[in-house]
Amino acid sequence: MMTDCEICLKRSEKDLMLFEDEKNLVFLSDAPAALGHSIVSPKEHRPILESIPDFDIGDLFKIANKVSSSLFESLNIQGTNIIIQNGTAANQDAPHFTMNVIPRSENDNLGLTWQPRQLDEEEMSTIELKIKEFTKSIGAFEEVKKEPLKIESKVEKIKESTDNYLLRQIRRIA
Amino acid sequence: MAEPTPEQVKELQEKLKNMSPEELKQFQKQQCIFCQIVAGKVQSRKVYDDENVIAILDINPANPGHILLMPKEHYSIMPQMPDQIIEHIAKITKHLSASLLKALKVEGTTIFIANGVAAGQRAQHFMLHIIPRKDNDGLKIDIPSKKASKQDLLAVKKAISKAINRNFGVKSADEPEMEKSAQKKESDLDLISEVLQKPAIQDAEFEDIELPVADEVNAAESEIASELKKAEQKKPAEKKQSDKKMSAEKKPAEKSPKKIEKKPKKPDNEGFSDGKEVDLDDIANLLTGA
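Residue numbers (the numbering used here), protein chains in the order written: chain A, 61 to 234; chain B, 308 to 597.
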């Protein structure tokens, strides 16, 4: 936990908290794009998507999906966006990974769209090859590290008598 | 594309109505361009694929390197997808994003999911966008932030909490009260998938999570029931007087085991007759017509 990270501090703010489990938090954004805008975040301070272990990222997505379903079920909305702003270039504002779940209604004028571009075939081919260079090694995912087996020491302690040898000898003779 | 005539629309609707779920699935696959891409019948620039998912370059990218990651199976929206596919997509998203950062030397990525046309969904096949970002690249995908009063926030929290607790299997203090709205609201999501002409997918995990709760609820329920019985036997005279109150208490107790047995029960049609039907239909029509 980082004391100067606003997302880390959310752990102790319970009034806008929607859900928490061992590793993750869901809370309402206090500066929402639309009412119901919820934020899913790992409790541990992880700056970006790439710093979250493979075995933890699935839960965050599943939680975001359940939050999205909950918004569908409880608000009168026609859609949801799930958005990750990964890196400051992508408008990430706190140095702590978050997923935004945003309720959408028709004509809500939230923007959240982009201008499609047209690249020439050569440029597309170059990009494709560049990306493939890195994606070909995808496939081995980090697993939860198993606790090392603790081998309990089985050496039995020899019961020591509290009396010392001399005393015992005397007793025996007597 | 020419607008179909009313006769053609009617004919198509009739045809869809008479299809078995398997035929429907097949039909949907033929209609969906991304299913064709998955099948290799339409060309694409594939940057990753495995047993369950495929990632291609968007032909109309927001930025160069814009990736579309999608399940090979046809799902319209994310709530329909099974958890293990979501989990897999999450891992692949992370690694694709990392690949973009390294391959294109960009400074960030925007990960974008749209559920529903209102959210900007253009295709009827669920997909996740991974968009490479650079400082000052001119893309306006910023999430707007508005001021909201504490009062409004607390009100919306209250409105969402029941659904949240239900979906996460959290037992809340006011559980009996949530029964009715829970069943009705659930039918809305069912409706979304139904109108998207897809056999409803039952989320196994919802039931899994509910199970430990079931014992407690059942125990509580039988306790309440036996108590009520006792009260009834003891004071038959008072019964009439407190009838109203009792039935109010009894109902949720009787209902709760039903809900746990089989959650995505076919919703009764009454729930559909409110104003929402139109909106959701529109979602479907726009999506399937895209």
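Ideal Cβ positions, reconstructed from N, Cα and C, are used throughout, including at glycine.
Residues that residue i contacts on chain B, provided the C-beta gap is smaller than 9 Å
i: A/I117; result: E394, A397, K398, T400, K401
i: A/D114; result: A397, K398, K401, H402
Contact under 8 Å by Cβ, residue i with residue j
i: B/K398; j: A/G118; result: yes
i: B/N367; j: A/R177; result: yes
i: B/I603; j: B/K348; result: As displayed, chain B neither begins before 308 nor continues past 597, which places residue 603 of chain B out of reach and without an answer.
i: A/I187; j: B/S406; result: no
i: A/F87; j: B/V477; result: no
i: A/T195; j: B/L403; result: yes
i: B/F341; j: B/M385; result: no
i: B/P371; j: A/E182; result: no
i: B/T400; j: B/I437; result: yes
i: B/K324; j: B/H381; result: no
i: B/E414; j: B/D442; result: yes
i: A/L120; j: A/M159; result: yes
i: B/A410; j: A/E193; result: yes
Residue i: contacting residues in chain A (beta-carbon distance under 8 Å)
i: B/Q428; result: G139
DSSP state of residue i mapped onto helix, strand, coil
i: A/D114; result: helix
i: B/D442; result: coil
i: B/K551; result: Here B/K551 scores only 47 on pLDDT, less than 50, and its place in the model is too uncertain to base an answer on.
i: B/Q323; result: Here residue 323 of chain B turns out to be Leu, not Gln, going by the sequence shown. Three-state result, B/L323: helix.
i: A/K74; result: coil
i: B/M388; result: coil
i: B/E358; result: coil
i: B/F334; result: helix
i: B/I363; result: strand
i: A/V100; result: strand
i: A/L85; result: strand
i: A/N146; result: strand
Chain B residues whose Cβ lies nearer than 7 Å to that of residue i
i: A/K190; result: A410, L411
i: A/L99; result: Reading off the sequence, residue 99 of chain A comes out as Ile, not Leu. None at all; the shortest Cβ gap to chain B is about 10 Å.
i: A/E193; result: A410
i: A/T173; result: G427
i: A/A150; result: G415, T416, T417, R440
i: A/E183; result: P371
Reference residue i, options the options, closest by Cα
i: B/Q387; options: A/G139, A/N146, A/S129; result: A/S129
i: B/I374; options: B/S452, B/D444, B/A455, B/R440; result: B/R440
i: A/I142; options: A/A149, A/S185, A/I162; result: A/I162
i: A/V127; options: A/L69, A/R232, A/T140; result: A/T140
i: B/K469; options: A/P113, A/A154, A/E133, A/I108; result: A/E133
i: A/P102; options: A/K74, A/C68, A/L131; result: A/C68
i: A/D90; options: A/E104, A/E66, A/L209, A/L131; result: A/E66
i: B/R429; options: B/E330, B/C339, B/E321; result: B/C339
i: A/T63; options: A/L85, A/L76, A/H105; result: A/H105
i: B/M434; options: B/F419, B/V424, B/P328; result: B/F419
i: A/E110; options: A/I99, A/I123, A/N146; result: A/N146
Proximal residues of chain A, C-beta to C-beta of residue i below 7 Å
i: B/M385; result: N125, S128
i: B/Y355; result: T195, I198
i: B/L446; result: W174
Contacts that residue i makes with chain B (C-beta to C-beta distance below 8 Å)
i: A/A91; result: S452, K453, K454, A455
Is it true that the region 85 to 95 of chain A meets the region 452 to 472 of chain B, where meeting means three or more beta-carbon pairs spaced less than 8 Å apart? With a cut-off of 8 Å on Cβ pairs, the region 85 to 95 of chain A is in contact with the region 452 to 472 of chain B, counting three or more such pairs.
Counting Cβ pairs closer than 8 Å, one from the region 163 to 173 of chain A and one from the region 195 to 207 of chain A, do we hit at least three? Under the three-pair Cβ rule at 8 Å, the region 163 to 173 of chain A does not count as touching the region 195 to 207 of chain A.
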